[in-house]
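The block underneath contains the structure these notes are about, expressed in C-alpha cells.
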Amino acid sequence: MSEPHLPTAEQDGQAPALIYIVDDDLSIARLLTHVLTEFGFLAEAFGTGAAVLRRLQTTRPDLCIVDLGLPDMDGIELVRQIALQSHAGVLILTGRGHTVDRVMGLELGGDDYVTKPFEPRELVARVRSILRRRAPHTGTAVGSARRLASFAGWTLDCAANILRAEDGTEHVLGVAEVQVLRTFLERPHQILSREQLVGHRGLSPMDRSIDVRISRLRRKIEIDPMDPRIIKTVYGAGYVFSASVSWS
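First residue of the sequence shown? That's 13 in this note's numbering, and the numbers climb one at a time after it.
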C-alpha cells in the first residue's frame, strides 16, 4: 500500500510559508531544508540561536523549527525569545527525553514537538497543522473567515466587537480591548509580552495602557478580577490566556 500523499503549499492553494530551521547538526538541517522545500515551503537554516534572533530583526517567518540542544544558548530560552519577538509558530525538535523540557518548551511558546529520530513526512504534517491553527497570523484565507471565538462560557463576535456571556448578556468592547482580547484568543496558553498585546515594539516601561485594557477585560470575564483565572500575569514576562478557545 502506498503512503498517503501530502500536498505541497502550492497545491493546497496557499502562498509558500517561510520556515526557519535552528539546528547545529548540519545533516539534520540539510534534511529538513530539502524536505520542506520539496513540499513547497521556503526554508532557511541557522546553526545558532543568536543567528536566528538576528534574522528575526529583519524578516519574520511563519514558523520556526527549534532544536533544544543548541551550542550557544538553551533552546527553551530561544523558544521564549521567538514568542516574544514574533507571531511565528514554533515546532520543537529535540533529542531530550525529559518530559519537563517538552512541557517547558510548550508553555513558553512552542506549538508542538517532535523527538529525534523523526520521520520527515510526520514532521511536515505537524508543520502544516501548526500553520493551519495559526492562520490568523499567516495571512491565509482561513484566518479571515474566523468570526466567533468561544472560551470559558463567553463568545466574542470579532466582526461586531461584542462579548457575549452564556446568559445572553452582551458587552460592546472598544477597539483597543478587542485587539488585546483577540490577540489572546489567537494564542492561548502562550506568554505574550506587553509589546505583543499592544501591537508595536519599543513600548515605554511607564506606559500602562495595556494594564488598563487587561484590567477592563478582567472585570468583564473573570469571576474574581483580583484573583484572575483566565488572564494571568506572568511577572517579568507578560500575560497568558489560560482558557481553551474554539473558533467558528
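Cβ atoms here follow ideal geometry from the backbone N, Cα and C, with glycine treated the same way. As the structure is a prediction and not an experimental result, all values here were calculated from the model.
Is it buried or exposed for residue 247, if we count other Cβ within 10 angstroms and need 16 for buried? Along the sequence shown, read from residue 1 onward, the residue named residue 247 stands at position 235. Exposed, because fewer than 16 other Cβ atoms sit within 10 Å of the Cβ of residue 247.
Cβ pair count under 8 Å reaching 3, the region 188-207 against the region 220-228: yes
Out of curiosity, what's the CA-to-CA distance linking residue 175 and residue 168? By one-based count along the sequence shown, residue 175 stands at place 163. By one-based count along the sequence shown, residue 168 stands at place 156. Residue 175 and residue 168: Cα-Cα distance of roughly 5 Å.
Can you find at least 3 beta carbon pairs, one from the region 126-143 and one from the region 238-245, that sit closer than 8 Å? no
Which residue's Cα is closest to the Cα of residue 75: 106, 124, 46 and 60? The residue you call residue 75 lines up with position 63 of the sequence shown. Minimum Cα distance to residue 75 is reached at 124.
Determine the extent of the beta strand (DSSP E) in which residue 101 is found, giving its start and end residues. As a first step, residue 101 is located in the sequence shown; it is residue number 89 there, counting from the start. 101-106 is the extent of the beta strand (DSSP E) around residue 101.
Using a Cβ-Cβ cutoff of less than 7 Å, which residues in the same chain neighbour residue 100 once the five nearest sequence positions on both sides are dropped? Taking the sequence shown and counting its residues from 1, the one referred to as residue 100 is at position 88. Taken in chain order, the residues that qualify are 72, 73, 74, 75, 76 and 94.
Is the distance from the Cβ of residue 36 to the Cβ of residue 62 below 8 Å? By one-based count along the sequence shown, residue 36 stands at place 24. By one-based count along the sequence shown, residue 62 stands at place 50. The answer is no: Cβ separation not under 8 Å.
Whole angstroms are fine: how far does the CA of residue 39 sit from the CA of residue 33? The residue given as residue 33 occupies position 21 in the sequence shown. The residue given as residue 39 occupies position 27 in the sequence shown. Cα-Cα distance, rounded: 12 Å.
Compute the distance between the beta-carbons of residue 29 and residue 54, then report whether it is under 8 Å. The count along the sequence shown starts at 1 and reaches residue 29 at position 17. The count along the sequence shown starts at 1 and reaches residue 54 at position 42. Yes, they are a contact pair.
Between which two residues does the beta strand (DSSP E) holding residue 189 run? Residue 189 sits at position 177 when you count from the first residue of the sequence shown. Segment 187-198 is the alpha helix (DSSP H) holding residue 189; no beta strand (DSSP E) there.
Selection from 105, 92 and 233 that minimises the alpha carbon distance to residue 165: Numbered from its first residue, the sequence shown carries residue 165 at position 153. Of the listed residues, the one whose Cα sits closest to residue 165 is 233.
Between the Cα of residue 79 and those of 57, 68 and 67, spot the shortest distance and give me the residue it belongs to. By 1-based counting over the sequence shown, the position of residue 79 is 67. Among 57, 68 and 67, the Cα nearest to that of residue 79 belongs to 57.
So is residue 171 buried or exposed if we call it buried at 16+ other beta carbons inside 10 Å? For the purposes of this step, residue 171 is taken as the residue at position 159 of the sequence shown. Counting Cβ neighbours within 10 Å, residue 171 comes out exposed, since fewer than 16 surround it.
Look at residue 183 and residue 254 and say whether their C-beta atoms are less than 8 Å apart. The count along the sequence shown starts at 1 and reaches residue 183 at position 171. The count along the sequence shown starts at 1 and reaches residue 254 at position 242. It is not a contact, given that the beta carbons lie outside the stated cut-off.
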